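Trainee: One structure follows; several queries about it will come next.
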Amino acid sequence: MKINFYLFSCLFLLSPFFMAAHAGDAEPDQPASEPVVSEQAEAEMTSAERAAFEKSLFEGRCQMCHQLPEPTMLRPKQWRLILGTMQQRMQQAGVPPLTEEETEMILEYIATQS
-18 MKINFYLFSC LFLLSPFFMA AHAGDAEPDQ PASEPVVSEQ AEAEMTSAER
32 AAFEKSLFEG RCQMCHQLPE PTMLRPKQWR LILGTMQQRM QQAGVPPLTE
82 EETEMILEYI ATQS
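For the record, in the sequence shown the residue sitting at position 33 is 14 according to my numbering, with numbers rising by one throughout.
This is the structure we're talking about:
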């Protein structure tokens, strides 16, 4: 557990450097991304489809800047704080921020994995 915490701490502290390296890759004034799934489409998803979509969202949006963290490393409340910090870093790097819907779906995925 101490090793996981140590690794996560190192990744967390080094992530601004990784994001800064990719900062020039995105256009600086990109608008916030559109909602990923409409409310109607979300309501029509089966639980298996939703779980698969949440996983792909977690993998796609998080892995675009850094390696995927292990969802079990932190509790859900801690992940909410981490995602808030990541939102700020995404904006600094010129990466389109997560929508509220994307944030909630990622948090739901993490909660099911911990």
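Built from N, CA and C at the ideal position, the CB exists for glycine as well.
Only a predicted model underlies this, so the values are computations on that prediction, with no experimental measurement involved.
What does the Cβ neighbour count give for L38, buried or exposed, with the cut at 16 atoms within 10 Å?
Mentor: So L38 ends up on the buried side.
Trainee: DSSP three-state call for S28: helix, strand or coil?
Mentor: Three-state result, S28: helix.
Trainee: Can you tell me which of the three DSSP states C46 falls into?
Mentor: If DSSP states are grouped into helix, strand and coil, C46 belongs with coil.
Trainee: Rounded to whole angstroms, what is the Cα-Cα separation between M47 and E25?
Mentor: Inspection of the sequence shows that residue 47 is occupied by His rather than by Met. C-alpha separation (whole angstroms): 32 Å.
Trainee: Smallest Cα separation from T84: which of I63, Q94 and G75?
Mentor: Comparing Cα-Cα distances from T84 to each of I63, Q94 and G75, the minimum goes to I63.
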